Each structure stands twice: as C-alpha cells, then as structure tokens.
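Protein chains in written order, with the numbering used here: chain A, 1 to 570; chain B, 571 to 1140. Glycine included, C-beta positions come from ideal geometry on N, C-alpha and C. Only a predicted model underlies this, so the values are computations on that prediction, with no experimental measurement involved. Let me begin by presenting the structure, written as structure tokens, before commenting on it.
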C-alpha cells in the first residue's frame, strides 16, 4: 500500500486523555481514533492488526474443532429474564426498545442466546459434544471506560461455548481450549501467564483460568511462583497453609492486657507510636454481608480479600461497613474494634491464628489489648483463608518457591460453567439410555481488541511501537529518501512490487516529506523491518533496519528478498 | 470438517414463517436460525458462506485502493443532529441511552461518523482522494422485517465512502467502485444488472446506480432494454420521448363533448361499459404535495410514478389525496375528476399529450367528456415524464430495443453524495492555492448478508440449494454409504485427508445414518460436488456427483484429486 493513499495521521504530542502508553501510541500513530467515551474507530493500520489477531484466533479455534457462527448483537430481554441476569446485570447491560416497545439487550456476552439455540437444535447425546465460537462486537456500558482499548464500551471479542454430555467431556473441552489459548497468545507474541481465577459473577461450578498479559498498567494483580508454574489472580491466590507453624500458645504466657492508646486509630499510628511492626498487629474490619454485620480479622500487614470472604459467606451483597454501621453493630467507634468480646460473627484469617502475641482493638474508645494470643484469647469458630497473598509468601504448590506479584491485562478467560445456564434455559438431551439430562457447558472468551493494547504495552520504546512480525500492520516499511530522485524511486518501486509478488506486505512511504519526518513516523508506527532507499541506490544498495534492535545492514538489491523472507520467518 | 461435530440440523418441512424459497431453504438446511423478528443467527454453514462473501468484497475493495477501517456501531446522537438526520430518520433508527443518559444511535449507515472522522484527519488536498470502507453489522428497525436475510433488522454490510477534492475526482471514484462491484457480484456468481436509480432519501446531487440480483421475489422492479445495456429502477426508468409521434390535433376534429356515465367511476367500469381500451382514457389523480392539492394526468393504462412527480415538484411530503380532500379541492366526487376546467395545478404526462382523442372525467357527478384532444382542450403548462414505464415501451437509449420488466433484489448501491454531509459537518480542506473547499463525497454499499438470499433465490431446485463454487460452504461433500464398513471408511478418510492437504474444503458425512437421509441432506445443503464412497470402493472406485447437473461419474480413486481440482477451477 502507498502511504499517500492511506488514512494515516500521526501526532507529535500525546492527547491529554491518554493515560497509558499503549493508548498514547495508538492515538499518536493513527491506529485508533476516539469517537465517544470508550468507543474507538479502528483506522486502517489498527484494523489490519485487528484482522491478524482475528485470523490467528480463527485458525486455532478451527484447529480445536470449534464451529464458527455469528449471533445477533441484539438479544431479546426474555432470554435474559429466563437466565435471571436481566435484573442482576446492572447498568453495564445496554438496554434498548424496538419500535414495538419490545425490550432488547445489546450483547455483552452470549450465554443466553447460544444456550437457547443449542436447546432447540440438539436433543440427543449423539450430537454432543459441541464447541461453537464467534468473533463479534460486544457492548458493555462501563462505568469508567479508560486506557483506550483496554476498557472500552464497544469492543471485539471471541466468545466460545462448549456443550457436553458429561463432566469429563467438559474437562476435555476446557483443556482443549486452554491449549488453544496458549497457542493463540504465543503466536501473537505476548508475554502472558495462565492464572487460576475466581469464578466471579458469571457463576457456575468448577475451574476457571484467566490468561494475563504481563504489564505494569494491568488492572489485575497476579501472584506467580518463582519456582513452579503456579499462578493465580490475587482474588484467588492462596498462601501456603502452614499447619506446623501454628503458634504454640504456651510461648506467650503474658496475659492479655488492656492499655491506653489515645487517638491511635490506624495501624500506622500504632506502629509509629508503639515502635512495633505491622505484623505484630491484629486488624479487625467490619463488613455488611447481605446487610448483616460481620467482623473479619487479619494480621496488621495483611489485606482482607473481599472476594474470598464473600464466597465463604455465600453472600450476594458484600461491602465494607460505614463508620455509623460499625458503631451501631459493635458499640465501638471505628479504630478501636478488636476480635475479643465482639457479639457479631467473627471470621479469622489463618495467619492470625499463627500469631503468638498481637495487639488488637479493645472495643473501647482509646484502648487496645496487647499480648493477645489468638488460640487462647479469640473465638476461633470461623477460621479461613481470608487475605490477599503478599510478595514473598511461600508458594502453595511447591516447597521451594515463593510468590511474586505482577500486574496483568486479562486477555482471555476459560470457564467451566457447568449447568448454570443449561438448567435455567432447559437445555437438555436424551442420553444413551433415553434419560433426560442437562447439558454441561463451558465458556471461553478472548478480548480481541484488548490484545492490541497488551502487545503495545509490551512492545514499545521511547520512539514508538514495535510490532511483532505476526501482528504487524505491514511487514516492511519502504522509505525512499527522496521521492523526487527518479533512481531512488525506481529502485523502491521495483522492490515494492517484487516483495509484494512474494506475499510480503509492504507500506511504501511515497510522500513528499523530509527524511526526518518519514523516519519519525516509521519509528512511531513500528513496522518491524524498514528498507531505506537512499544515495547508495546508485551502487545497487539499500539499508535495512530492524525496528526492535535498530540493527542496520547495507545490502545489495538482489539480496533484499532473501533477507526479508529470512527476517519474517525468524 | 466432520459432520458429526458440526452444528447442522436439517428440517424436512419449511417453517411456516418463511414465505420465500431462500428463506425456507436457509432455515431447512440449517444455515440460519431465527432469534427474533428480523434477527438471525448464522449457523456454521451460513457463517462460512458469509465469510466467503466478505473475503471477495475485501479483496476487491483492497484492489480498488480502499482502506479498511472499523467504526463503532454506537454513534453519538450529536453527529446525527449535525447532519439533520436525527429527526428525519424516523423509527428505523434505533436509539439508545447510555448510563449517563447520553443519546446514541445504533448505526444503520455511517456517513456522519466517517465525515466527522475525515474532517478531523484531513486538512489538505494532498491527502485526497481517500477511499475507506468497513464490513460491519448494521441495525435498522424495519417496520415489517421479512424474507429472512432480505429485509432484516440486524445485517452485515460493506459500506465505503470516498472523499475527493473535485467533482472529476468523485466521478473517478464512483466508476472505480462501480467496476469493483461488477467484479464482486460476478465472482459471487450472481445474475445481476446495474440499474440507474433514484437518489432517494439519502439525498445529494449526481448519479446513483443500484446493483440488482434478478429474482422474482425481488422488492424492486427494474426496466431493462432487450437490446442495449440500459437498465433502471422502475422509480427512475424513462420511456423514450417521441416528439415526432405527438398527435396531430387536426386529426381529431370532433368537438369535446360531455356525456352521461352514471355510476361509472373506474377505468374498468368505463372500459367495459363503453367498449373502449384503457389507453383511450385520460386518468386524473389528485395528490397532496406539502399539503397543497395538485392533479396528475396520465393515460388510462399507465401508472403515476410518484417518485418522479415528487422530484419534479420538489416537495417533502407527497401522498394521494383522500376522497374528502379531492372533493374539497375540486368540488367533484372522485371518479369523475378530469383535467379540463380544474382550478388546482395540473401536471400532465407526455403520453397524454400524444393522444389525439380521449375520454376524461367532466368534474361533474356521472359525466365524462369524450373526444378530448389534449393539445387543443387541456392546460399543458406542466408537461413531464410522470409515469412508470411499461413492458414493451421503447428503450430511451437505443433505437431498436424495448423495455422488459424484471424483479430485483438490491445487493449494492453506488451513490454520488456530493457535499451533502461534508457541508453540514464542515469537512473542508485547503486546495493548492490555499483556499478552503468542501470535500466531495460518494458512498457505496453492499448488502453482504443479503447476497446469501439472492444466491439461493437464483440457485436452487426442488431438492435444495445449489451453491456456486466460489461461495459454497464446503467444496466437496464426502459421503461414505456405510460408516460401519471399514474399507469404505478407510477410502473416505484417505480421500478426505488427501483433498484437504491440497486445500480443498471437505465436509465428511461420518454420521451413522441411512444413505437416503445423507443424500437428502446433501442435496438440501447444496455443496457443489459430492463424492459417494460405496460398494465400488473395493474395486478402487467412487462416484462423483455434481449437484447442479446431477451428472454422475464413476472414477478411480487415484483420479479423484485431479478431477476435483478440475471441477473447482471450472
């Protein structure tokens, strides 16, 4: 393609609204343009990359035996009512009425539609298993769209669904998809981890993994072992259970003792004033679980993992209590709550049980207890893993490693749905013995447009993007230094045609611009290989530059094709 | 692909809601499934065909130098207000509010978005011309969705837009697209005509052509010459102007004469009662044009072309007058209106002027005039082409041909928009002399999903669909007669692998079904070539059947690959 005919406007400055580098660079390099909050136009270069991602996804889905279909974006509200999600989903679900006042949802996901489809099409075990997918624009009215394509309101997704006659079948489908995802993200050139994840609002039994592209701006935190391949979303990651390390209560013979701590409400204040460490503290937080107050107790240096607590309680609504609610539930001003003597249910984290002595609120203004020995002094009817893991925690899966925390961008998700939707929507089949059974489902998503952001976060330098060969909008950027020099243009045109004839995608910068402008644009756009046709053209030579390494080689024109194909195949 | 793993359910009976054969067959053969009125899921076979159409469209757009982008489906209402279409578009435009009560439209088309995009990106003539396209799901809340994919509410479209610095540039872009469309529809294997069309509601100056797939169920009528390549939508088609055939008023020397026609209100009644021909009648209809009454006069056997009248009058609102309005405007009961003596404006069609003697209403209950000689007796201040052409009318473009009427399905549309949107949205550029100019636009649509219906309408028999090679969901249908026969299965599997290795798309019917069921399904699905592996497999032979002709040949296994490739290349 000739650059003069391409809609490609580069910007020298980053637009103010772009907070992260992938968003900045995609705007600056003319890959995307903002239309409304969380809605972007993919410009020709961005569209080309998007299509390459689509093609890789499609290849691997086909290879995994999945059939492609395309469901409507508009979904009748009735189906969402059948599944019970119409009320639950909240304002992220965009709702619309047609001219006859029938209600529709703009699909953020398609469990309802596909389950109702398969329920109508399949009635026998002989038609199972089934794996179906689509690549489609989805809609989610995010409360706070941001980071460009990372959290947008209209985005491209691959969603796949499996239907099986048995749980073993689901397991097989799940791991088939898991492996396909590995291949997809590897082919895309991403640095990623598959992590154990929390089942979350989508519901259902069984396992789930998230595929995370590692990046500092990621909205998720991942804990990964330094030795083995254990990795989990922070929501889900477990510290090693160290039963044998439980404190021996006999080690602490000091009696629990109330002391005056006027105005010391926070861990920081206590640590500073008493010259202790946060891990010597016992922290108590009050939550409202389905409108009932409960206390959660963790070590002073630990954070409550609300997802874990919510799951253990099995509550629908779960949120931190307001100061007023705390006072009302405990009779104590916040800052002085402690586990001893509370009348509301108390949930204690394992790590607290392992302490032999700690400082905790005394449920009385300006007083704390010291020498609190949990196994001796606390109500331990409810003990569980209730905290976030920390960097350095021992790995729960191997003996040697410890956990390290990373930030990640969720690019994929595999999920054992079980019978959540098939039960509600009545997707059943007759098994070999003629019995009616409920289909067992899995769902599998990939954020196709998100992958662009993830790649750019992982592949850029101060001058711009650096596209991996597999996703680059073009494979070669051809830059004649002077379009007015007929020899240079002749050489450039010949190479342009020759390379295209061999299936190489070439962008030819045929604009009348200064070389400096062309090089700056070329760095920004980040096509992996650049061919510069300059003065040396009269000696039959051009310069070949690799974007990632800045390696330059001057080579003969007759060697260009061979060398380019070498570089692409690398 | 193995049929046992494919979501493909065929139906023996046509679902009641399907009125036309393409809709019936696509449902019966499991290509699409109904989700809601005018909304369909493309099942795996349908999706494959759709992708083939997409690929042909993409190829030809790229070849025509168009750049692909992808704009959001959700469009801010503000842009539609800028263009003035937000109010005008009516209930077909689906409107939705986001969580902040901002209004959006679900795009039925993208003139506003692309014009605002290009206005921001392009400021100099040096960046023009530009041609941009996308393939995208569109939404249009049809009052009466029907015929399956032919008139649906969510559909796949290719929309392209050109931006030029001059009208000559637009002309060039227009014809480039025109030629690309010719190639696209030819490659799809469609029987189509490019027809001159009316500019319609989308507005703008200059030419427009529709590409029509010929089919009896088409919603449009086309007039095409039997000799030359003239073809036009009935809305637009003109009869030849026959100045020399104008009646010689001296031929009719009878004086105009009122006579009693009690109760004879319609052409049919007059024809029967007076033993005359409809073409001896002069028909007068009263319309309300922007709420003002006017009369339109055509020959008794002709139909008023309301589109033509509306354009000539330049009126916004145009509709037939009610009986009450007729009486009020003319003082005469309907059925006896005539052109002579009316006080409202009278518009007369050319063909009436050519009459030497006719019968017309006398503007008095139960009376008509006979011997009406239009050139002598009528007010001919407003004469124009106001009628639909008829089968047999002489061609307006050549001397020999006559017009024949066909029904057509609109599959594509090229349109010179001019400055309609660029003016309203302020899309301007600096020309070579530094002057500010308005960009000149064209728009170019293809109904991608519609093409499926058009193909099936043109390619089917009583047993099912007959896919042309270029769009077939698979190229070969492999049918082992008995999957329990290990020799047959071995031969089938070997051929399956061998053909796929050579890039041939094969659907293997590996189901345990009776041969009759398999053949019926195979006919219905309409894959162009069938390989039947039966008893002859033990002698190294298979049967090869062409779906379209039912031609059968028994050939040796070693000749299959060569023969299949031959058939595909045909």
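| Can you check whether the CB of residue 634 of chain B is closer than 8 Å to the CB of residue 701 of chain B? | yes
| query | Roughly how far, in whole angstroms, is the beta-carbon of residue 215 of chain A from the beta-carbon of residue 407 of chain A, given that I think they are within contact range, below 8 Å? | reply | 6 Å
| Residue range of the beta strand (DSSP E) that residue 279 of chain A falls in? | Run containing residue 279 of chain A: none; DSSP gives neither H nor E here.
| task | Could you tell me if residue 320 of chain A is buried or exposed, where buried requires 16 or more neighbouring beta carbons within 10 angstroms of its beta carbon? | result | exposed
| For residue 400 of chain A, the three-state DSSP class (helix, strand or coil) | coil
| query | Can you round the beta-carbon distance between residue 73 of chain A and residue 106 of chain A to whole angstroms, since I take them to be within the 8 Å contact cut? | reply | 6 Å
| field | Integer Cβ distance of residue 1023 of chain B from residue 719 of chain B, believed to fall under 8 Å | value | 5 Å
| field | Rounded distance between the beta-carbons of residue 783 of chain B and residue 981 of chain B, thought under 8 Å | value | 5 Å
| message | Contact criterion: CB-CB distance below 8 Å. Does residue 39 of chain A meet it with respect to chain B? | response | yes
| When you compare only the Cα positions, how much space is there between residue 141 of chain A and residue 153 of chain A? | 5 Å
| As assigned by DSSP and simplified to three states, the class of residue 825 of chain B | coil
| field | Pairwise C-alpha distance: residue 1137 of chain B and residue 488 of chain A | value | 46 Å
| Among A/498, A/464, A/537, which one has its Cα closest to the Cα of residue 486 of chain A? | A/537
| Considering residue 1088 of chain B, what are the terminal residues of the alpha helix (DSSP H) in which it resides? | 1085–1095
| CA-CA distance, residue 147 of chain A and residue 984 of chain B? | 38 Å
| field | C-alpha gap between residue 164 of chain A and residue 125 of chain A, whole angstroms | value | 8 Å
| query | Does the beta-carbon of residue 570 of chain A have 16 or more other beta-carbons within 10 angstroms, so that it is buried, or is it exposed? | reply | exposed
| field | Limits of the unbroken beta strand (DSSP E) element including residue 506 of chain A | value | 506–508
| Minimum length 3: unbroken beta strand (DSSP E) runs contained in the stretch 138–221 of chain A | 154–164, 192–196, 208–214
| Residue nearest to residue 465 of chain A in terms of C-alpha spacing, selected from A/526, A/197, A/419 | A/526
| Is the number of C-beta pairs between the stretch 891–905 of chain B and the stretch 851–861 of chain B that are closer than 8 Å three or more? | yes
| Quick one: what's got a C-beta closer than 6 Å to residue 616 of chain B's C-beta in the same chain, skipping five residues either side? | 601, 602
| said: Helix, strand or coil for residue 553 of chain A? Go by DSSP, reduced to three states. | reply: strand
| Contact list for the stretch 676–708 of chain B against chain A, Cβ threshold 9 Å | 676, 683, 684, 686, 687, 688, 690, 691, 692, 696, 697, 699, 700, 701, 702, 704, 706, 707
| query | How big is the Cα-Cα spacing for residue 543 of chain A and residue 499 of chain A? | reply | 15 Å
| request: Taking only beta-carbon positions, decide if residue 43 of chain A is within less than 8 Å of chain B. | output: yes
| message | Contact between the stretch 914–924 of chain B and the stretch 861–876 of chain B is defined here as three or more beta-carbon pairs at a separation below 8 Å; is this criterion met? | response | yes
| message | So if DSSP puts residue 437 of chain A in a beta bridge, which residue, or which two residues, is it bridged to? | response | A/429
| Just the Cα atoms here: how many angstroms apart are residue 505 of chain A and residue 802 of chain B? | 41 Å
| query | Which runs of the beta strand (DSSP E), 3 residues or longer, sit entirely within the stretch 75–113 of chain A? | reply | 94–97, 103–106
| Given a limit of 7 Å on CB to CB distance, which residues of the stretch 83–99 of chain A reach chain B? | 91, 94, 96, 98, 99
| request: Could you tell me whether the Cβ of residue 557 of chain A comes closer than 8 Å to any Cβ of chain B? | output: no
| query | residue 7 of chain A: which of B/875, B/640, B/670 sits nearest, CA to CA? | reply | B/640
| said: Let me check understanding here. Comparing Cα to Cα, which of A/443, A/51, A/438 lies closest to residue 474 of chain A? | reply: A/51
| message | Our contact map puts residue 477 of chain A next to residue 501 of chain A with C-beta atoms below 8 Å; I'd like the distance itself, whole angstroms only. | response | Between residue 501 of chain A and residue 477 of chain A the Cβ distance is about 18 Å, and since that is not below 8 Å, they are no contact.
| Segment contact, 8 Å Cβ cut-off, at least three pairs: the stretch 926–943 of chain B with the stretch 821–835 of chain B | yes
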